[in-house]
Amino acid sequence: MVCERPVVLFSRSSCCMCHTIKSLFVDFGVNPTVYELDEISRGREVEQALLRLGCNPAVPAVFIGGELVGGANEIMSLHLRRALQPMLKRAGALWRVTKMVSEKPVVLFTRSSCCMCHSIKLLFIDCGVNPTVYELDNIPQGREVEQELLRLGCNSAGPAVFIGGELVGGANETLVFTSGGQYNQCSKGQELCVPVIERIESESPLDAKAKSSDKVVKA
Numbered sequence: 001m002v003c004e005r006p007v008v009l010f011s012r013s014s015c016c017m018c019h020t021i022k023s024l025f026v027d028f029g030v031n032p033t034v035y036e037l038d039e040i041s042r043g044r045e046v047e048q049a050l051l052r053l054g055c056n057p058a059v060p061a062v063f064i065g066g067e068l069v070g071g072a073n074e075i076m077s078l079h080l081r082r083a084l085q086p087m088l089k090r091a092g093a094l095w096r097v098t099k100m101v102s103e104k105p106v107v108l109f110t111r112s113s114c115c116m117c118h119s120i121k122l123l124f125i126d127c128g129v130n131p132t133v134y135e136l137d138n139i140p141q142g143r144e145v146e147q148e149l150l151r152l153g154c155n156s157a158g159p160a161v162f163i164g165g166e167l168v169g170g171a172n173e174t175l176v177f178t179s180g181g182q183y184n185q186c187s188k189g190q191e192l193c194v195p196v197i198e199r200i201e202s203e204s205p206l207d208a209k210a211k212s213s214d215k216v217v218k219a
């Protein structure tokens, strides 16, 4: 049960501290696998096994990377010492965004209803670049990805642009970045030259959407 997922939490549906620990992980952008002992079959047997492992009380009991970390006190202690985040990273539970942006030269996180997102996509297409696009309102775990982007400093109101695995920023930062015709070495060795496209700032978002022909990735 604990070896198949990066973070596993044994809980009870009526346990307030369990909810607190779950919320802490969600705030980190982690989607823990949760087993509610009062709702799963053989929950009593699992509880006894947790007690034998030294969990007292039995819930919440947290496993990270297949290893028992402990209960609420241990998790909060790690959090206060800023040791929880590195542990989650080592277990592969964090940095979903980092993995997504490292696989393609140019990655955009957008929303399907965002006009500025369409304009930024058009900018790259006009440069001959076919960006990889993740629409947060259309992909699984889009909310978790959005929370991680916010922690990286992205503005939830607009697009988030990564080039060569590095965060460029939102619409304003991308327009400033491109205004100098800068070259950027991408993660796969592809060199991009993004020229000045001043009309993008004044172009109708509807026109931008109509011209956009990029392929939206359904993750």
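Last residue of the sequence shown: 219 in UniProt numbering, with the numbers rising by one and none dropped. Every residue gets a Cβ at the ideal spot worked out from N, C-alpha and C, and that includes glycine. Keep in mind the model is a prediction, meaning the values are calculated, not measured.
Exposure of residue i, with buried meaning 16 or more beta-carbon neighbours within 10 Å
i    : result
V196 : Any reading at V196 must be qualified, since the residue scores a pLDDT of 32, below 50, and its modelled position is unreliable; the value itself is stated next. With fewer than 16 Cβ atoms within 10 Å of its Cβ, V196 is classed as exposed.
C3   : exposed
Q147 : buried
C15  : buried
G170 : buried
K121 : buried
G153 : exposed
R5   : buried
L51  : exposed
R199 : With a pLDDT of only 38 at R199, under the threshold of 50, the placement of this residue in the model should not be trusted; the figure read from the coordinates follows. Exposed, since its Cβ has fewer than 16 Cβ neighbours within 10 Å.
P32  : buried
K188 : For K188, the predicted structure reports a pLDDT of 36, less than 50, and the residue's modelled location is therefore unreliable. A value from the coordinates is still provided. So K188 ends up on the exposed side.
E47  : buried
L150 : exposed
M1   : exposed
Start and end residues, alpha helix (DSSP H) containing residue i
i           : result
residue 295 : For the chain, the structure presents residues 1 to 219; residue 295 sits outside this window and is missing.
A49         : 43–52
L122        : 115–126
S11         : Note, S11: premise wrong, no alpha helix (DSSP H); beta strand (DSSP E) at 7–11.
V145        : 142–151
M87         : 84–90
Chain C within 8 Å of residue i, Cβ atoms only
i   : result
L24 : The displayed structure is made up of one protein chain only, and chain C is not part of it.
Minimum C-alpha distance to residue i - residue among the options
i    : options               : result
R143 : V129, C16, D27        : D27
E103 : I64, A58, F177, T132  : T132
V168 : P105, L122, I125      : P105
I125 : Q48, C18, L50, L108   : L108
S23  : N172, E45, M76        : M76
G165 : G66, T33, T98         : T98
L53  : L37, C18, L68         : L68
C127 : R111, L149, L80, L175 : L175
R111 : M1, V129, I139        : I139
L78  : E47, N130, V34, I21   : I21
Delimiting residues of the beta strand (DSSP E) encompassing residue i
i    : result
I64  : 61–64
K103 : Before going on, a small fix: residue 103 reads as Glu here, not Lys. Counting along the chain, E103 falls outside any beta strand (DSSP E), and DSSP gives it neither H nor E.
V69  : 67–70
L167 : 166–169
A93  : No beta strand (DSSP E) holds A93; DSSP gives it neither H nor E.
A160 : 160–163
Presumed contact (8 Å Cβ cut-off) between residue i and residue j, rounded CB distance
i    : j    : result
V101 : F162 : 4 Å
G66  : R90  : Not quite, the Cβ-Cβ distance comes to about 12 Å (not below 8 Å), so this is no contact.
C55  : G71  : 6 Å
V7   : L88  : 7 Å
Practice task
Examine the Cβ distances between the stretch 158–166 and the stretch 113–122 and report whether three or more of them are shorter than 8 Å.
Solution key: In the pairwise beta carbon analysis, the stretch 158–166 is classified as touching the stretch 113–122: at least three pairs are separated by under 8 Å.
Problem - Three or more C-beta pairs below 8 Å linking the stretch 89–109 and the stretch 23–39 - result: Yes, since at least three Cβ pairs between the stretch 89–109 and the stretch 23–39 fall closer than 8 Å, the two stretches touch.
Practice task
May I ask you to verify whether the stretch 135–142 touches the stretch 80–91, counting CB pairs closer than 8 Å and requiring at least 3?
Solution key: Contact fails: fewer than three Cβ-Cβ distances are below 8 Å.
Practice task
Would you be able to state if there are at least three C-beta pairs under 8 Å between the stretch 6–13 and the stretch 57–65?
Solution key: The stretch 6–13 and the stretch 57–65 touch, with three or more beta-carbon pairs separated by less than 8 Å.
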